[in-house]
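These notes concern the structure reproduced below.
Protein chains: 2
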Amino acid sequence: MTTKPWTLDDCARHYPPAGVQGITVWRQHLEGHIPQHAGDRLRDAGLDIISLCRGGFFPAPTAAERQLAIDDNLLAIEQAHGLGTPMIVLVCGAHPGVPLPEARQQIADGIAAILPVAQQAGIKLAIEPLHPMYAGDRSAINTLAQANAVIDQLHSPKNLGIALDVYHVWWDETLQSQIELTAKHDRLYAFHICDWKTPTLDLLNDRGLMGEGCIPIMQIKTWVNQTGFTGPDEVEIFSTHYWSIDQHDYLKKITQSYQQLTTM
Amino acid sequence: MTTKPWTLDDCARHYPPAGVQGITVWRQHLEGHIPQHAGDRLRDAGLDIISLCRGGFFPAPTAAERQLAIDDNLLAIEQAHGLGTPMIVLVCGAHPGVPLPEARQQIADGIAAILPVAQQAGIKLAIEPLHPMYAGDRSAINTLAQANAVIDQLHSPKNLGIALDVYHVWWDETLQSQIELTAKHDRLYAFHICDWKTPTLDLLNDRGLMGEGCIPIMQIKTWVNQTGFTGPDEVEIFSTHYWSIDQHDYLKKITQSYQQLTTM
Chain Y
13 MTTKPWTLDD
23 CARHYPPAGV
33 QGITVWRQHL
43 EGHIPQHAGD
53 RLRDAGLDII
63 SLCRGGFFPA
73 PTAAERQLAI
83 DDNLLAIEQA
93 HGLGTPMIVL
103 VCGAHPGVPL
113 PEARQQIADG
123 IAAILPVAQQ
133 AGIKLAIEPL
143 HPMYAGDRSA
153 INTLAQANAV
163 IDQLHSPKNL
173 GIALDVYHVW
183 WDETLQSQIE
193 LTAKHDRLYA
203 FHICDWKTPT
213 LDLLNDRGLM
223 GEGCIPIMQI
233 KTWVNQTGFT
243 GPDEVEIFST
253 HYWSIDQHDY
263 LKKITQSYQQ
273 LTTM
Chain S
13 MTTKPWTLDD
23 CARHYPPAGV
33 QGITVWRQHL
43 EGHIPQHAGD
53 RLRDAGLDII
63 SLCRGGFFPA
73 PTAAERQLAI
83 DDNLLAIEQA
93 HGLGTPMIVL
103 VCGAHPGVPL
113 PEARQQIADG
123 IAAILPVAQQ
133 AGIKLAIEPL
143 HPMYAGDRSA
153 INTLAQANAV
163 IDQLHSPKNL
173 GIALDVYHVW
183 WDETLQSQIE
193 LTAKHDRLYA
203 FHICDWKTPT
213 LDLLNDRGLM
223 GEGCIPIMQI
233 KTWVNQTGFT
243 GPDEVEIFST
253 HYWSIDQHDY
263 LKKITQSYQQ
273 LTTM
């Protein structure tokens, strides 16, 4: 999604020569593909398929709608299995008509409904806490503490963990202590990076390259690695601006900003 | 600021007949006015002058810049005194180059520097926690808990409290308990309402009329009133859309949506 204008095949061709070793596949990019073939193509190119994005969106005003959401998540598990990725990222959902505490309970119920199927398929589920500016319509899980609480409430299942994106959680003063909590349960599954620009001109698609904003990315990365996390640093940038420029130039900017970040 | 296209004189003429009993004056609207004259004009029209907006913006990379901010806040106290309002709302500030914990300390230091002068002038200072989407450049105080903590750190001065705006804090699961904490110290000074639209198209100027969004305004108002708060409900809407329509029609929409909210 970071290089949204590119097809999966473009990514397979252009990521590895640029030094990018893995990819998270968004479900809309699987349309028209047999997941297993898409997975083979990416693997043959040398890419790790880190996760499928995204399941979730559980809360809804009616039980029928919530069942539709569960069915869609079961489909995502099938797709992930076909694609050959070990993980699905959950954007848990929120609905303007559902109070947030109720939405969080519906999220717990939804996850509980799909967990056994995911486990059988060997798929891990990663709850991604979303920035509070998405509490209205995208996720009622807006802090790492709330993600930890949902997993606790479900008795820490073996295949339920967290995808941590610095963009969503950097502002939170409890972040370090909540990251430390994930270590105790070995539940930190994914780590996403980008930067928060000032000013930010769009709620969705104005993320910055690492170094373009004010997020203390390396400090958060240090806390994450101290938990024992050995997964990749996934660059996830949604940007109308960067999607509008030559994607090869953009990919070069990404790898350069990552190198600058990690060698500072 | 809610009816931004109007001058203070327009507000003095049009608010009272619409049933609006008070006003918070933003400092830019005092430009070209002698504060005392502006205050007299508003009072003569029958309006309470609830507060002056805004002081704050304390954090900065250098001591010289921080002193400039303190000087500007001292000027705000003079203006508030002249205007004849008992309160200044503080948007505390944040700076992309200053880590958030450091910014919070600079905020505490800045407030401590101006508190005695405010006290002498009979002016209360109200810290307004801002939504985490403003943590990059507008405020490092992003939760009611952080506002309470800064006031605790300064040993709960008699003239330091909180301005609570539902727009900034509605998503926070600790909101109710933190509102209850303000009651113990009698430090809830102001209550602002509007609504959070889904989708929200702009980080600054896309607030909704009460009822246009997903904030449980009456629930929060109940918690606020349970603290013993007897101040006004202040409608604070920043909206490029509503600023572009006839302001009389807009004012009618505001009073209607407030009536619908409070008679539901």
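Respectively, the protein sequence lines represent chains Y and S. Quick note: the first sequence uses the working numbering, first residue 13, plus one each step. Quick note: the second sequence uses the working numbering, first residue 13, plus one each step. No residue lacks a Cβ here, since even glycine has one placed at the ideal position from N, Cα and C.
The three-state reading of DSSP puts L64/Y in strand, counting E and B together. For A152/S, there is no enclosing beta strand (DSSP E), since its DSSP letter is neither H nor E. In this structure, the alpha-carbon of R55/S lies about 35 angstroms from that of A161/S. Taking a contact to require three or more Cβ pairs closer than 8 angstroms, the region 111 to 125 of chain Y and the region 136 to 153 of chain Y qualify as touching. By the criterion of a C-beta distance shorter than 6 angstroms, I227/S is surrounded in its chain by V178, W182, D207, W208, once the five residues flanking it on both sides are discounted.
When 8 angstroms is used as the limit between beta carbons, Q33/S is near no residue of chain Y, the shortest such separation being about 30 angstroms. For A202/S, the number of other beta carbons within 10 angstroms of its own is at least 16, and it is reported as buried. Fully enclosed beta strand (DSSP E) runs of no fewer than 3 residues occupy 245 to 247 of the region 229 to 267 of chain Y, in order along the chain. The region 34 to 43 of chain S and the region 88 to 107 of chain S touch, with three or more beta-carbon pairs separated by less than 8 angstroms. Within chain Y, P144, M145 have C-beta atoms less than 8 angstroms from the C-beta of H143/S, given in sequence order. By the criterion of a C-beta distance shorter than 6 angstroms, A30/S is surrounded in its chain by L263, T267, once the five residues flanking it on both sides are discounted. Scanning L64/Y, M230/Y, P141/Y, A57/Y for the CA closest to the CA of H180/Y turns up P141/Y. Residue contact with chain S for G105/Y: absent (no Cβ-Cβ distance below 8 angstroms to any residue of chain S).
Counting along the chain, A138/S sits inside the beta strand (DSSP E) bounded by residues 136 to 139. Interface with chain S (8 angstroms Cβ-Cβ cutoff): P228/Y is included.
Around the CB of I191/S, 16 or more other CB atoms lie within 10 Å, so the residue is classed as buried. Taking a beta-carbon distance threshold of 8 angstroms, T212/S counts as an interface residue toward chain Y. Non-local C-beta neighbours of A57/Y in its own chain, meaning closer than 6 angstroms and more than five positions away in sequence, comprise A24, P28, ordered along the chain.
When C-beta atoms of the region 231 to 246 of chain S are compared with those of the region 128 to 137 of chain S, fewer than three pairs fall below 8 angstroms, so the two segments do not count as touching. In the DSSP assignment, the residues bridged to W38/Y are C65/Y.
Between I119/Y and L137/Y, the beta carbon gap of about 11 angstroms keeps them out of contact (Cβ cut-off 8 angstroms).
DSSP places A195/S inside the alpha helix (DSSP H), whose first and last residues are 187 to 197. In its chain, beyond the 5 residues on either side, T14, C206, R219 have a beta carbon closer than 6 angstroms to the beta carbon of I249/Y. The continuous beta strand (DSSP E) containing H204/Y extends over residues 200 to 205. For L86/S, the enclosing alpha helix (DSSP H) begins and ends at 75 to 95.
Membership of I123/Y in the alpha helix (DSSP H) is indicated by the continuous run 112 to 132. The C-beta separation of I139/Y from M99/Y comes to about 11 angstroms, leaving the pair out of contact by the 8 angstroms criterion.
At least one CB atom of chain S sits nearer than 8 angstroms to the CB of L112/Y. With contacts defined by Cβ atoms closer than 8 angstroms, G223/S and Q272/S form a contacting pair.
Look at L221/Y: its C-beta is not under 8 angstroms from any C-beta on chain S.
Annotation: the continuous alpha helix (DSSP H) that includes L54/S extends over 47 to 56.
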